[in-house]
Amino acid sequence: MERINIAGVSLEMLTAGDGPPLLFLHGGDYFAQHRDFFGKLARRWRVIAPRHPGFGGSARPAGFRTIHDLAYLYLDLLDGQDLQDVVLVGSSFGGWLALEMCVRCLERIGRLVLIDSLGVKFGGREERDIADVYALPSAELLGRTFFDPASAAPDLAALDDDEAKSIARDRAATALYGWRPYMHNPALRQWLHRVHAATLVIWGESDGIVERNYGERLCRSLPNARFELIGQAGHYPQIERPDDVADAIERFARAEVL
Amino acid sequence: MKVWHFSEMAYHPAWPQLGESYRVIIPSRLYDPKIGADLYHRYLDEWALCDELGINIMTNEHHATATCADSVCTIPMAILARETKKVRLLALGMPIGNRNDPIRVAEEYATIDVISRGRLEMGFVKGVPFEIAPANTNPADLMERFWEAHDLILKAMMSHDGPIGRARISIIARSMSGRGHGSSRTHQFGCRSAVPVAPPRQPRAA
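As you go down the protein sequences, you meet chains A and B in turn. The numbering used here numbers the first residue of the first sequence as 1 and each following residue consecutively. The numbering used here numbers the first residue of the second sequence as 1 and each following residue consecutively.
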């Protein structure tokens, strides 16, 4: 994998294709399972998929402790690479991160795609919007994450040490950034009106981490968004249905009006 | 009539050296742990006597003050839960707006209630202004935290298969304003819920 240096922070980064820029912000886990999806996107775009600080082989500076640090870092990336009219795609935790970027600055962002995004609190004080991935038994967690866990989830026993270490770092970093408040920013909802870029909200029909009604509510909370459901897919539809999700993003990117 | 014995477990040997204020800035050099241990044992012995005499026991807590060396009201309660056999044990109480995790408070109270075989009376306090600095909590939204903690503790105790403990609830509130006889929400709560509300007079600045 390549490396990129943004404002002194060294990140591992996967790139593919040579079209207009598409920045993909990954979720808490299963980064290695994105190859098919990136391959489809690379037909049209130059896909830029950095590993967030603390994830995979990317270092985490000691001062990086919140989602806000990541948001500013990736806004710096857009500036540093002088990227224009970027398609910003965020999945799960990465969707939250994309929203944090968009409420701050849309200058270089053309369109936004949120895939089963986290980050916003809609329910009441004692309602759970986002399943607690740290509290669920592993079999149930897999069942909530994938439509078909048997074919989507990797066999952890078959991984080599580097791959296993990378997954362990992903999990530790996700916990660091997302533990409390759990996978959301309590203040984010009140700023969603600032995200006036054309937005596609994609949701896996069988997502058991953040369910469909959360996605529909998120879509209604954004000024210029439409919703698209992906069948036979869970929390990571781009892993289970890479063609369907890539096609949906292509259609969305071509559309003049939403 | 019920009779209660209450002691703040004061560390009075420091009083003569503290001048006009016994609170907030208390140099550690004024505390001798040997004398402190003797005092703690004395207070606990007095409460053991209370149990023999049938006098109920109340504990509280304060911070950074020589008038009260009871750092958490549940610590002497935990000892008394085992050492006493008969009397009611009133913790009045826990400053739940200043505690980071209300669920831990529910756990502590429930543990004491079970060890004492159901003799705990739970009390929650807002705390007094000089408690803010040692807890480093934000005073601006203290009451929001108090009521959120209160609701969470009750829910923790009443959830699952049934009440965890058999304690009844007492509420004590103090106003931050210095004029204090409890906030209006405190009084509304007391009227609605038939839970005792005890708003003591707040000492005014001279």
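We treat Cβ as the ideally placed atom computed from N, Cα and C, and that holds for glycine. Owing to the predicted nature of the structure, the values given are computational and were not obtained by experimental measurement.
Query, Result
"Considering only the alpha carbon of each residue, which of A:D29, A:P20, A:A7, A:R46 lies closest to L14 (chain A)?", "A:R46"
"Between the beta-carbon of L120 (chain B) and the beta-carbon of L89 (chain B), is there less than 7 Å?", "yes"
"If L97 (chain A) and L70 (chain A) are in contact, beta carbons under 8 Å, what's the gap, nearest whole angstrom?", "5 Å"
"Assign H193 (chain A) to one of two classes, buried (16 or more other C-beta atoms within 10 Å of its C-beta) or exposed (fewer than that).", "exposed"
"Counting pairs of Cβ atoms below 8 Å between the segment 243-253 of chain A and the segment 185-203 of chain A, do you hit three or more?", "yes"
"Please check the pair N185 (chain A) and E100 (chain A), which I expect to be a contact at CB under 8 Å, by giving their CB distance rounded to whole angstroms.", "7 Å"
"Let's see if you can read the secondary structure: which residues bound the beta strand (DSSP E) around T199 (chain A)?", "198-204"
"When the Cα atoms are used, what is the spatial distance from C219 (chain A) to G234 (chain A)?", "18 Å"
"Determine whether the Cβ of E216 (chain A) lies closer than 7 Å to any Cβ atom of chain C.", "Absent from the structure is chain C; the protein chains it does hold are A and B."
"Out of B:G54, B:L152, B:V125, which has the shortest C-alpha to C-alpha gap to E126 (chain A)?", "B:L152"
"Is it the case that the Cβ atoms of L30 (chain B) and A14 (chain B) are separated by a distance below 7 Å?", "yes"
"Taking the alpha helix (DSSP H) that M94 (chain B) belongs to, which residues open and close that run?", "Note, M94 (chain B): premise wrong, no alpha helix (DSSP H); beta strand (DSSP E) at 89-95."
"Excluding the 5 residues flanking T137 (chain B) on each side, which residues of the same chain have their C-beta closer than 7 Å to its C-beta?", "G97, N98"
"Here's the rule I'm using: 16 or more other beta-carbon atoms within 10 Å means buried, otherwise exposed. How should W179 (chain A) be labelled?", "exposed"
"Would you mind sorting M183 (chain A) into buried or exposed? The rule is 16 or more other CB atoms within 10 Å of its CB.", "buried"
"According to DSSP, V120 (chain A) sits in a beta bridge with which residue or residues?", "For V120 (chain A), which the question treats as bridged, DSSP gives no partner whatsoever."
"Taking the alpha carbon of V89 (chain A) as the point to measure from, which residue in A:V120, A:G110, A:R35 has its own alpha carbon closest?", "A:G110"
"Quick one: which unbroken alpha helix (DSSP H) runs of 4-plus residues sit fully inside the segment 93-176 of chain A? Chain order, please.", "93-104, 138-145, 149-152"
"Helix, strand or coil: how does DSSP classify A255 (chain A) here?", "coil"
"Could you give the DSSP three-state label for F64 (chain A): helix, strand or coil?", "coil"
"Where does A225 (chain A) fall in DSSP's three states?", "strand"
"State the DSSP-derived secondary structure class of A7 (chain A), mapped to helix, strand or coil.", "coil"
"Measure how close the beta-carbons of F122 (chain A) and G27 (chain A) come, nearest whole angstrom, since I'm counting them as under 8 Å.", "Contact flag wrong, Cβ pair sits at about 19 Å."
"Can you round the beta-carbon distance between F24 (chain A) and I239 (chain A) to whole angstroms, since I take them to be within the 8 Å contact cut?", "Their Cβ separation, rounded to whole angstroms, is 13 Å, which puts F24 (chain A) and I239 (chain A) out of contact at 8 Å."
"Less than 7 Å between the C-beta atoms of P21 (chain A) and L75 (chain A), yes or no?", "no"
"Beta carbon of A173 (chain A), beta carbon of F55 (chain A): below 7 Å?", "yes"
"For the segment 103-118 of chain B against the segment 78-87 of chain B, do three or more pairs of beta-carbon atoms, one drawn from each stretch, fall closer than 8 Å, so that the two count as touching?", "yes"
"Could you round the C-beta distance between A91 (chain B) and A156 (chain B) to whole angstroms and report it? I think they count as a contact, below 8 Å.", "Actually they do not touch by this definition, with Cβ atoms about 16 Å apart."
"Are the CB atoms of K86 (chain B) and D51 (chain B) within a distance shorter than 7 Å?", "yes"
"So, helix, strand or coil for P16 (chain B), using DSSP?", "helix"
"Closest by CA to L141 (chain A), which one among A:G215, A:D243, A:L229, A:V210?", "A:V210"
"For the candidate residues B:T65, B:C68, B:V128, whose alpha-carbon lies nearest to that of P95 (chain B)?", "B:V128"
"Three or more beta-carbon pairs under 8 Å between the segment 62-72 of chain B and the segment 18-33 of chain B, yes or no?", "yes"
"Are the CB atoms of N56 (chain B) and K126 (chain B) within a distance shorter than 7 Å?", "no"
"Helix, strand or coil for D213 (chain A) per DSSP?", "Here the sequence assigns Asn to residue 213 (chain A), which means Asp is not the residue at that position. N213 (chain A) falls in the helix class under three-state DSSP."
"Under the assumption that G39 (chain A) contacts M1 (chain A) (Cβ atoms under 8 Å), give the Cβ distance between them as a whole number of angstroms.", "15 Å between Cβ atoms; not a contact."
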